[in-house]
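Shown next, in structure tokens, is the structure this report addresses.
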Amino acid sequence: MTALRSAPAGAASAPRPTRTRPRVSPALAAALAVVAFLLLAAIWPALLATHSPTANDFAAALQSPSWAHWFGTDEAGRDLYSRVVWGARESLLIGVWAATVSLILAVLLGTTAALGGRVLASAVGFVLEVAFAFPALLLALLLVAILGPSAWTQVLAVGIGTAPGYARIVRAQVLAARSSGYVEAAVALGHPRVRIVLRQILPNALRPLVAIFALSIGQSIVWASSLAFLGLGVAPPSSEWGALLDAGRAYITRAPWLVVIPGLVIVALALAATSLGGRLRDALKTGEKP
Amino acid sequence: MTRTSWAEPLRRVVQAAAVLLGAATAAFLAQTALPGDRATTILNIRSGQAVARTPEELAPIVAQFGLDRPLVRQYLDYVGGLLRGDLGSSYQQFRPVWNIIGEQLAATLVLSLTAITLAWLLMVVWVVATAGRGPRIRSLGQTVDTAAAGLPHYWLGIVLLLVFALTLHWAPVMGGSGLQALLLPALTLAIPLAGFMGQATRTELERALEQPFVVSARMRGMGDTQLRLRHVLRHAVLPALTLSGWALGATISGAVVVESIFNRPGIGRVLVTAVGSQDIPVVTGIVVLIAAVYVVANLLVDVLYTVVDPRVRIA
Chain A
0 MTALRSAPAG AASAPRPTRT RPRVSPALAA ALAVVAFLLL AAIWPALLAT HSPTANDFAA
60 ALQSPSWAHW FGTDEAGRDL YSRVVWGARE SLLIGVWAAT VSLILAVLLG TTAALGGRVL
120 ASAVGFVLEV AFAFPALLLA LLLVAILGPS AWTQVLAVGI GTAPGYARIV RAQVLAARSS
180 GYVEAAVALG HPRVRIVLRQ ILPNALRPLV AIFALSIGQS IVWASSLAFL GLGVAPPSSE
240 WGALLDAGRA YITRAPWLVV IPGLVIVALA LAATSLGGRL RDALKTGEKP
Chain B
0 MTRTSWAEPL RRVVQAAAVL LGAATAAFLA QTALPGDRAT TILNIRSGQA VARTPEELAP
60 IVAQFGLDRP LVRQYLDYVG GLLRGDLGSS YQQFRPVWNI IGEQLAATLV LSLTAITLAW
120 LLMVVWVVAT AGRGPRIRSL GQTVDTAAAG LPHYWLGIVL LLVFALTLHW APVMGGSGLQ
180 ALLLPALTLA IPLAGFMGQA TRTELERALE QPFVVSARMR GMGDTQLRLR HVLRHAVLPA
240 LTLSGWALGA TISGAVVVES IFNRPGIGRV LVTAVGSQDI PVVTGIVVLI AAVYVVANLL
300 VDVLYTVVDP RVRIA
């Protein structure tokens, strides 16, 4: 971020500078490390865990973080670090699925709102307008109330709850692509409308979504864990991170690390996803080339 | 000028009313979306059992909620009720939803408005101090904005609780009354909001600092801090002001988590309980109410906008 911003102001108007190897800032390195570690934990937890995530050891219950137990232990003496590692897969999957649901809806709604006929576009635009009046967490809670709490409800609730915001971004992207020079050129060349949409507008408009997907996985995990924290997510015996938060709340005064550390892992992942997503967005930025 | 100046606000009001009707429709659909027979579900929620019911048992429920009427009629009844301020009746408690919410609404509004005020204070001080300075301070400012905006309420709330209440004993742990008890919950809501608004304000402030009027003010010998507070800030707060309607909705929905952490009364607590017991009318009642708050706040922001930025009136 710093490296990019401190570039001399004249650089933009000068002919494209030759590409140098990007300098890896400490922030980027930290973000990559967090994501790599959690991905590894999700794929191969046994490699990273130091203890069994389910082995009770009541003699060692509620110990604060130490060399033996890096993140401390819970009320049954289970090693929190190992539980966090083993919970990574389910937590990341909830995030990935919720982000997928959210982006599919966003693309459908956003594209229709931008390209549909006058009636369809304004109808979808109105639905989005109404959806904005519901904050994401409330929309998610409404769905949990209807469907009852479970991991899949979490996915749907978070996915649908966060979709309107992304739909707005998609609509803006598609509208920008539609009024661009290359679309004008394609129209002038007499290409059929469907072909212009599929070959010109959508690929250009949806490219930034790769970055938004990365970002929204992090956000989805935060929303899902908020639901879990309220006791409306995956039930506690699981070591999914939200369930860890929910279970740890009962010991908040005696063993605060049970909530603070899983929360910190979620915050770290969300910040890493946000910063990587932001970088990806800058790298993928479509501009009309001169 | 006189004709158009009325047409635009009128269009806004009509649009807002349409959005509210849409929100009410969504709430009605949510109530019919509960799986299974509604009367059975209501009776089972009320009695805390999950059994099949005979028509005789269901008859009073069907009559009370008008479930035997055609769906369109139920919809019109619901919307008509909303217009009279009737949000329906709770499945679980034998009372109108409005009474349940009304008792708790003031506490949440106080929390939410305090949080927004705090967020503005934090944001303005932080952004004015760090935006448009040397590259290091700017980058620090930006990083803090992003990090603050990304903090989940539950985590921030618990960390604040641990540090200020359990370790330093500056604030009461649970409950308490008055300003002291309000501070930590409000701060929990304010910090992410300040980060979020700060991101928008920072960009705008840095753009404003490059405007010609800044040079002219500097030439008149105006000090940097004076300049930032008196001239530049006025330009920079516009995007954050646009967010105010959203901020009100966001802090009220954030209150769901915060009230639960700090054991504060409020509609957030009511909502979580209602979601857990599938008491849909209470859930939709709160959701519709917050949607209404959001829509009305956005209308007010539009009006306020013309006060802060006279250019809008002409455009």
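Here the protein sequences come in this chain order: A and B.
So the first sequence is numbered by numbering that gives the first Met the number 0: it starts at 0 and just counts up by one.
So the second sequence is numbered by numbering that gives the first Met the number 0: it starts at 0 and just counts up by one.
Ideal placement from N, C-alpha and C gives every residue a C-beta, glycine not left out.
Chain-ordered, the chain A residues with CB closer than 7 Å to the CB of B:G248 read P134. Going by DSSP, A:S101 is part of the alpha helix (DSSP H) stretching over 79 to 114. Inside the stretch 180 to 259 of chain A, DSSP marks whole alpha helix (DSSP H) runs of 4 or more residues at positions 180 to 187, 201 to 205, 208 to 228, 240 to 247, from first to last along the chain. Of all residues in the stretch 239 to 265 of chain A, only L244, I251, T252, P255, V258, V259, G262, L263, I265 come within less than 8 Å of chain B when Cβ atoms are compared, listed by chain position.
Taking A:F36 as reference, the option from A:Y80, A:I103, A:S24, A:V169 with the minimal CA-CA separation is A:Y80. From the listed residues B:G197, B:I100, B:D67, the smallest Cα separation to B:A38 is found for B:D67.
By the neighbour-count definition (other C-beta atoms within 10 Å, threshold 16), B:L204 is a buried residue. Taking the Cα of A:G232 as reference, the smallest distance to any Cα among A:V154, A:R253, A:V193 is reached at A:V154.
For A:A41, the enclosing alpha helix (DSSP H) starts and ends at 25 to 42. Shown here, A:S63 sits in coil according to DSSP, grouped into three states, outside any helix or strand. The C-beta of B:S88 comes no closer than 7 Å to any C-beta of chain A. For B:S243, the uninterrupted alpha helix (DSSP H) segment begins and ends at 243 to 261. Ranked by Cα distance from A:V266, the options B:Q179, B:Y293, B:E258, B:T145 are led by B:T145. Under the Cβ criterion of 7 Å, A:A269 is counted among the residues facing chain B. Residue ranges of uninterrupted alpha helix (DSSP H) with 4 or more members, entirely inside the stretch 30 to 64 of chain B and ordered along the chain, are 37 to 46, 54 to 64.
Cβ contact annotation for A:L47 (same chain, cutoff 7 Å, sequence separation greater than five): L39, A40, V84, in chain order.
Cβ neighbours of A:I251 within its own chain (closer than 7 Å, five residues either side excluded): V258.
Contact annotation: in the stretch 87 to 118 of chain A, no residue has its CB less than 8 Å from a CB in chain B.
Interface residue (Cβ-Cβ distance to chain A less than 7 Å): B:W125 is not classified as such. The Cβ of B:S243 sits no closer than 7 Å to any Cβ of chain A.
No Cβ-Cβ contact shorter than 7 Å links B:M196 with B:L139. The secondary-structure analysis by DSSP pairs B:P95 across a beta bridge with B:S88.
Counting only Cβ-Cβ distances below 8 Å, B:I41 has no contacts in chain A at all, with the closest Cβ about 14 Å away. Nearest C-alpha to A:F212 among A:I168, A:A87, A:P148: A:I168. What B:T145 touches in chain A, judged by beta-carbon distance under 7 Å, is T273, going in chain order.
Taking 7 Å as the cut-off, the Cβ atoms of B:L42 and B:I60 count as close. With respect to the 7 Å criterion, A:V106 and A:I216 are not classified as neighbours on the basis of their beta carbons. Annotation: the continuous alpha helix (DSSP H) that includes B:S215 extends over 211 to 218. A residue is called buried when at least 16 other Cβ atoms come within 10 angstroms of its Cβ; B:M122 meets this threshold and is buried. For A:T49, the secondary structure class from DSSP, reduced to helix, strand or coil, is coil. Exposure of B:Q63 is indicated by the presence of fewer than 16 other C-beta atoms within 10 angstroms of its C-beta.
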